[in-house]
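Numbering (mature numbering (1 follows the signal peptide of the UniProt record, and there is no 0)), first residue to last: -19 to -1, 1 to 540.
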């Protein structure tokens, strides 16, 4: 009798402990998803605890997650033998309903690891497998997430049409499953994804207008629908800007001007300086094509005067000088023509060889002339002037001083570039504040910080619309409390925090992905959430001490 009672008590105790252990394992997995890529030390701590499980699915997850974390922190050498163990455990996992969720997450993480190892084709296989189990598990949100990964991979391997198709499918899935999301959250996700689709259409068309005419119609339809469905000022401003650019490319200059002006009004109300300067340049070009030279000159001069107070030199500013010289030539004002032509050449000469090549190509498109030949012609005219000797003497002195200054400056830049490369190589760029480095006693602040880390994990900061108000909404708080919390625990403003994440991200991406090094400044800006290449280049220089092109040149020289 007593023996039976003892056995019964043991069984009751065991049944209460076992679910608790499994509950703990699931909690550790949840922590991994919160801290991956953001707090890798904390994530590794939780992943190591999963190894205590005896379950094959848990062990496969643990090795997969740890391999991913070690890979993204540059410690892939420590993962030797991991794939053998992962495959061994995967073979032991029955493909039954209770394992579908685990299998989907495992293959999704394997795909992310392949992407980190620059193996997009392998990643695509893993993501497709992950999506298979997500659908078997009826996990719609996981399915949508993985479809987004698949779209990204296909874009990466130049399957743009497939990327467009995948994005369409994700939009349809969102529409059919909007009940899974809060209304406001759904609208934000949907509109931004819909905007991305429009940008894909637009970029596809602009890359080859003659070949991709159909994409222009799709982009126009997309953007016009977006104008009807969103009230977000920044999203509207970007949409009007893209509509202006599309119409400009199609030589519908009058219509393009109308869209540019609407975009300018919105960006002005948002007080976004870089976007305003970019729009003024675009308007200047558009008015020039319309032969409205007074309006064109006004836009270029306003843009130039604003840039003169800035230490930055960008392509828009350089070509504004070229357009102004041509406008003054039409007006017959030789002194002004010479002034702006010389300024254009001077700004051109300040660039690196890679940047000069880019400028020369754009110059050829605009003027149908060889830039170097035009520069040589200008030099020839100067040599025929009576005061040539005086100018040459002064010029030699200036050039000598300039070269000495540039040599010193170049040395400083080289030292800084070496420091950055070493930091990237050793994965020592601090993209985030490690949660273990501070103690949070306030429950609300702890919740904000944890959710903020989740946003970092999903790289939400790379979205164009990511700002303090957007983040506050996503975190369920207000901008004031969010700002205070970030200042308190991260010792920086929200703007500094966002810029640091974005610049550190692109530094690492450029070092690992050679394809990105061929992107324009504007394309890199779009990749990390900046609407303007001017704003991106300025922030990059402020954070690193070098320009994006200097960093890319150094990477190419190293490799």
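We put the CB at the ideal spot given by N, CA and C, even for glycine.
On a predicted model such as this, the values are computed, not experimentally measured, just so you know.
Asked: Hey, quick one: how far does the alpha helix (DSSP H) through residue 202 stretch, first residue to last?; Found: 194 to 210
Asked: Mind checking residue 519: buried by the 16 CB within 10 Å criterion, or exposed?; Found: buried
Asked: Residue 510 and residue 445: beta carbons closer than 7 angstroms?; Found: yes
Asked: Taking all protein chains shown into account, decide if residue 201 is buried (16 or more other Cβ within 10 angstroms of its Cβ) or exposed.; Found: buried
Asked: Closer than 8 angstroms is the cut-off here; do at least three beta carbon pairs connect the stretch 265 to 275 with the stretch 246 to 257?; Found: no
Asked: Below 7 angstroms between beta carbons: does that hold for residue 262 and residue 297?; Found: yes
Asked: Would you mind sorting residue 142 into buried or exposed? The rule is 16 or more other CB atoms within 10 Å of its CB.; Found: exposed
Asked: Please list the terminal residues of the continuous alpha helix (DSSP H) segment that includes residue 541.; Found: Outside the displayed span of the chain (-19 to 540) sits residue 541, for which this structure offers no information.
Asked: Cα separation between residue 514 and residue 106?; Found: 34 angstroms
Asked: What number of angstroms, rounded off, separates the C-alpha of residue 28 from the C-alpha of residue 115?; Found: 22 angstroms
Asked: Return the CA-CA distance between residue 552 and residue 174, expressed in angstroms with no decimal places.; Found: Nothing can be reported for residue 552: it is not among the residues displayed for the chain, which extend from -19 to 540.
Asked: Is the number of C-beta pairs between the stretch 520 to 538 and the stretch 385 to 405 that are closer than 8 angstroms three or more?; Found: yes
Asked: Could you give the distance in angstroms between the alpha-carbon of residue 46 and the alpha-carbon of residue 13?; Found: 8 angstroms
Asked: Please report the distance separating the alpha-carbon of residue 245 from that of residue 218.; Found: 7 angstroms
Asked: Starting from residue 101, trace the alpha helix (DSSP H) in both directions and tell me its first and last residue.; Found: 101 to 117
Asked: Got a sec? Which residues, its chain only, sit under 7 angstroms from residue 90 by beta carbon, not counting five neighbours each side?; Found: 45, 46 and 49
Asked: Quick one: residues in its chain with C-beta nearer than 8 angstroms to the C-beta of residue 78, no 5 flanking neighbours on either side, listed in chain order?; Found: 117 and 118
Asked: Excluding the five sequence neighbours on either side, which residues of its own chain have a C-beta within less than 7 angstroms of the C-beta of residue 351, listed in chain order?; Found: 345
Asked: Have a look at 101, 144, 87 and 103 and flag the residue whose alpha-carbon is nearest the alpha-carbon of residue 123.; Found: 87
Asked: The alpha helix (DSSP H) with residue 243 in it runs from where to where?; Found: 234 to 251
Asked: Rounded to a whole number of angstroms, what is the C-alpha to C-alpha distance between residue 81 and residue 40?; Found: 15 angstroms
Asked: Nearest CA to the CA of residue 479: which residue from 521, 72 and 146?; Found: 521
Asked: Report all residues from its chain with a CB closer than 8 angstroms to the CB of residue 214; omit the five preceding and five following residues, and keep chain order.; Found: 247, 250 and 251
Asked: Taking Cβ positions, are residue 137 and residue 190 nearer each other than 7 angstroms?; Found: no
Asked: In whole angstroms, what separates the C-alpha of residue 308 from that of residue 229?; Found: 20 angstroms
Asked: Locate the alpha helix (DSSP H) running through residue 529, then write down its first and last residues.; Found: 529 to 539
Asked: As an exercise, report each continuous alpha helix (DSSP H) stretch of at least 4 residues that is fully enclosed by the stretch 442 to 488, in chain order.; Found: 449 to 456 and 460 to 471
Asked: Hey, how far is the Cα of residue 159 from the Cα of residue 52?; Found: 35 angstroms
Asked: Could you give the first and the last residue of the continuous alpha helix (DSSP H) run that contains residue 525?; Found: 514 to 525
Asked: Using the Cα positions of residue 73 and residue 37, report the straight-line distance between them to the nearest angstrom.; Found: 7 angstroms
Asked: Indicate the three-state DSSP secondary structure (helix, strand or coil) for residue 494 in the structure shown.; Found: coil
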